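Here's the structure we're looking at; comments come further down.
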Amino acid sequence: MNYKDFYTNSINQPEAFWKEQAMAIEWYNKPETIISNDENGYPVWYKDGELNICYLALDKHIQDGYGDQIALIYDSPVTQTVKKYTFFEVKAEVAKLAGGMLSLGLKKGNTAIIYMPMIPQAAFAMLACARIGVTHSVVFGGFAPHELAIRIDDCKPKAIITASSGIEIDRLIAYKPLVDEAIELASHRPKKVIVFNRKLGARVPFKKYDVDYDALVYGSEETPCVPVNATHPLYVLHTSGTTGKPKGIVRDTGGYAVALKFSMQYIYGVKENEVFWAASDVGWVVGHSFIVYGPLINRNTTIIFEGKPIKTPDASAFWRIIEEHKVNTMFTAPTAIRAIKKEDPNGDFIKKYDLSSLKTQFLAGERCDVATLEWYLEHIPVPAIDHWWQTESGWPMIANMMGVEYLPIKPGSVGKAVCGFDITIFDEKGTELGPNEEGYVVLKLPLPPGTLMDLWNDNPRFKAGYLNKFPGYYFSGDGGFKDEDDYIFITGRVDDVINVAGHRLSTAEMEEIVASHHSVAECAVIGINDALKGQTPLALVVTKLDAEIEHFQLEQEIIKLVRQQIGAVASLRNVVIVERLPKTRSGKTLRKLMRSISDGENYQIPSTIDDESIVDEIITVLKKYEIGVYNTK
């Protein structure tokens with residue numbers, strides 16, 4: 015098999031291609047109709063098929079004789095706990111929890127919110143919902159009550175499943191009071207709140223709607239899987255929207271199951287029984303697809319990691335887990351690698367661990383700069399694969415398909431289009447651009463199975479945001495280009511392109527150059543308003559711990575680098591040093607927020623921000639350097 019023929023077949027004969035892939039999973043009723051359209055003309059996959067994704071993730075493997083295989087490893091350096099669960103053990107708890115939920119009145123067609131830290135019970139709750147056809151909406155643990163209330167009102171859950179607490183590096187966060195406050199703020203009132211008490215000392219105020227998780231599981235019988243239609247919504251996952259109101263991405267069941275099995279086999283190249291670790295959170299799409307459902311469907315051992323790449327206890331955390339649990343394939347965000355690189359620039363910790371089990375490192379969630387990629391490859395000689403996808407897609411759209419054919423890596427590129435995704439670069443008018451011409455990244459309809467079905471209760475916003483700009487195509491919101499070999503380069507969200515004196519320049523390209531400086535750990539380049547040129551770039555840099563360099567020297571050296579590699583047209587004049595960059599909890603750098611602050615615009619701090627206090631730090635630095643609206647010269 016070679017990539018070119020495999021991919022071409024998926025584009026030219028999508029119905030035959032995805033019919034064959036559908037046979038890789040088990041159905042209660044196999045679909046006869048592979049692709050059709052809904053009432054709005056949007057593609058639908060496998061509409062007459064019936065299945066259950068919890069059955070595929072657990073029961074099937076037990077029936078096939080693999081019940082004693084380790085399904086899940088919980089590794090929590092913050093509580094100093096490592097616990098392993100077999101498929102038998104996971105299925106028993108999930109089936110009892112599902113039975114308990116039925117006894118509380120939940121049934122197929124209802125919704126439930128899951129608001130939990132990175133503990134096994136978060137995955138058990140997701141699978142229990144799926145087992146009985148309850149649509150789950152996982153809300154990232156630790157979100158403020160206001161944000162949780164917005165999601166309660168959007169998906170109107172019959173129950174909320176939560177834990178007594180989450181643990182950060184330096185503190186315990188009591189979840190139950192946050193849930194109670196959110197319920198008070200919300201218009202909708204869930205009937206029950208199922209609380210898993212971690213017994214770590216957090217306050218757990220009792221309410222009449224509370225149900226103890228352990229008592230519910232202990233007092234319930236195992237319940238079988240409920241067949242659902244392939245188009246049944248498995249989950250709603252909210253992602254940030256430009257209006258400030260989160261968008262509820264709706265995922266189907268049948269197409270998603272097919273896409274995840276396909277992903278594990280052909281993109282990640284993972285064999286059954288291997289150990290797969292996605293160092294993310296179940297509150298994000300990576301956690302849904304590649305901590306819970308994907309690895310378990312593919313009969314892989316998956317790892318739930320409650321910790322950070324650094325400070326739990328140090329920059330060796332990832333390498334310890336790879337050695338201890340014999341991880342074969344890993345997935346993390348470039349931000350995590352950059353954090354490790356900053357703490358351990360010479361890779362001293364890496365040398366202390368046996369990483370021979372590791373075959374491949376995947377990176378996604380944000381752009382991976384070349385400097386980070388090169389640092390990783392210098393210290394760990396396995397393929398490091400940058401790839402690109404979104405909450406909306408549910409699985410990778412551009413990658414190096416390791417299970418098909420390992421193609422040469424081009425640093426800076428996220429690889430080639432994945433099977434089923436017909437990717438084109440358009441200009442403003444919808445005209446296809448040629449090689450190395452930057453434009454909008456769009457995908458011709460139909461999208462393959464497993465991608466978003468709609469926005470929850472908001473079809474007009476779905477059409478306006480994704481389908482109307484270029485009819486017949488899905489608009490990704492990202493900019494990029496293809497080279498002459500069809501490798502695709504993502505340059506960032508389309509509003510990360512700046513216009514300097516009429517020249518459209520990619521801030522991503524500048525970031526690559528800034529990041530290549532030997533004293534820079536990570537950076538962000540944004541465009542700020544300029545009375546003369548419209549916009550000029552501003553570089554915010556975090557220096558390495560061992561970097562001994564004056565600000566003026568660093569600024570001059572970076573300006574010279576950018577001038578050498580892009581030219582004077584880039585007009586980079588300002589480089590400021592910051593302690594850290596504002597990011598979401600999933601690791602995305604909040605460039606739009608920094609741009610708004612610099613330009614003196616009204617800004618909304620996203621609910622997904624990792625730490626709000628960093629906003630004041632950025633303002634202080636901009637004032638110190640007299641940048642943007644703080645320019646008093």
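Start counting the sequence shown at 15; every next residue gets the next number (the working numbering). Ideal placement from N, C-alpha and C gives every residue a C-beta, glycine not left out. Keep in mind that this is a model prediction, so the values were computed, not measured.
Residue(s) in a DSSP beta bridge with residue i
| i | result |
| --- | --- |
| Pro57 | Asn51 |
| Thr7 | Only positions 15 to 647 of the chain appear in this structure, which leaves residue 7 out of reach. |
| Ala398 | Gln375 |
| Tyr639 | According to DSSP, Tyr639 bridges with nothing at all. |
| Trp291 | Met344 |
| Thr100 | Ile84 |
| Ile175 | Ile128, Ile208 |
| Gly506 | Gly493 |
| Arg265 | Tyr249 |
| Lys430 | Ala413 |
| Ser90 | Thr95 |
| Phe440 | Glu446, Tyr454 |
| Leu607 | BP columns for Leu607 are empty, so no partner. |
C-beta atoms of residue i and residue j nearer than 8 Å
| i | j | result |
| --- | --- | --- |
| Gly506 | Arg381 | yes |
| Tyr88 | Lys74 | no |
| Gly147 | Lys122 | yes |
| Ile437 | Val455 | yes |
| Ala582 | Met524 | no |
| Glu320 | Asp368 | no |
| Glu452 | Gly426 | no |
| His339 | Phe376 | no |
| Ile611 | Val629 | yes |
| Leu199 | His160 | yes |
| Asn588 | Gly548 | no |
| Gly268 | Leu65 | yes |
| Ile48 | Tyr60 | yes |
| Leu251 | Ile311 | no |
| Asp613 | Val635 | no |
| Ile127 | Cys68 | no |
| Val207 | Val231 | no |
| Lys222 | Gly119 | no |
Sequence-distant residues of the same chain with beta carbon closer than 7 Å to residue i, five excluded per side
| i | result |
| --- | --- |
| Arg203 | Ile197 |
| Asp676 | The requested residue 676 does not occur in the structure, where the chain is confined to residues 15 to 647. |
Element boundaries [beta strand (DSSP E), containing residue i]
| i | result |
| --- | --- |
| Ser151 | 149 to 152 |
| Phe489 | 487 to 496 |
| Cys549 | Cys is not the amino acid found at residue 549; the sequence shown has Gln there. Where Gln549 is concerned, the enclosing beta strand (DSSP E) stretches over 548 to 557. |
| Val225 | 224 to 226 |
| Ser179 | 179 to 181 |
| Glu536 | 534 to 544 |
| Leu457 | 453 to 458 |
| Asn645 | It is not in any beta strand (DSSP E) - Asn645 carries neither H nor E in the DSSP assignment. |
Local Cβ density within 10 Å of residue i, reported as buried at 16 or more and exposed below that
| i | result |
| --- | --- |
| Gln567 | exposed |
| Leu86 | buried |
| Ile354 | buried |
| Lys261 | buried |
| Ile183 | exposed |
| Tyr282 | buried |
| Thr149 | buried |
| Glu53 | exposed |
| Ala38 | exposed |
| Lys443 | exposed |
| His246 | buried |
| Gln27 | exposed |
Same chain only: Cβ atoms within 6 Å of residue i, ignoring 5 sequence neighbours per side
| i | result |
| --- | --- |
| Glu536 | Arg352, Val556 |
| Ile181 | Val92 |
| Leu575 | Ile527 |
| Ala36 | Val272 |
| Asp266 | Thr245, Met467 |
| Ala163 | Ala196, Leu199, Ala200 |
Where the alpha helix (DSSP H) through residue i begins and ends
| i | result |
| --- | --- |
| Pro191 | 189 to 199 |
| Asn473 | 473 to 476 |
| Ala158 | Careful: Ala158 lies outside any alpha helix (DSSP H) and carries neither H nor E. |
| Ile317 | First-last for Ile317: 315 to 319, but that is the beta strand (DSSP E), not the alpha helix (DSSP H). |
| Ile591 | Not the alpha helix (DSSP H): Ile591 falls in the beta strand (DSSP E), residues 588 to 591. |
| Val218 | No alpha helix (DSSP H) contains Val218, which DSSP labels as neither H nor E. |
| Met524 | 521 to 529 |
Cβ shell of residue i (< 8 Å), same chain only, five flanking positions each side left out
| i | result |
| --- | --- |
| Ser371 | Val289, Ile336, Glu337, Lys340, Val341, Asn342 |
| Tyr639 | Asn588, Val590 |
| Ile502 | Trp402, Ile412, Ser427, Val428, Gly429, Lys430, Ala431, Ile437, Val455, Gly494, Phe495, Lys496 |
| Phe31 | Asn23, Ser24, Cys433, Gly434 |
| Thr176 | Ile128, Tyr129, Met130, Tyr189, Lys190, Val193, Val207, Ile208, Val209, Phe210 |
| Asp560 | Pro359 |
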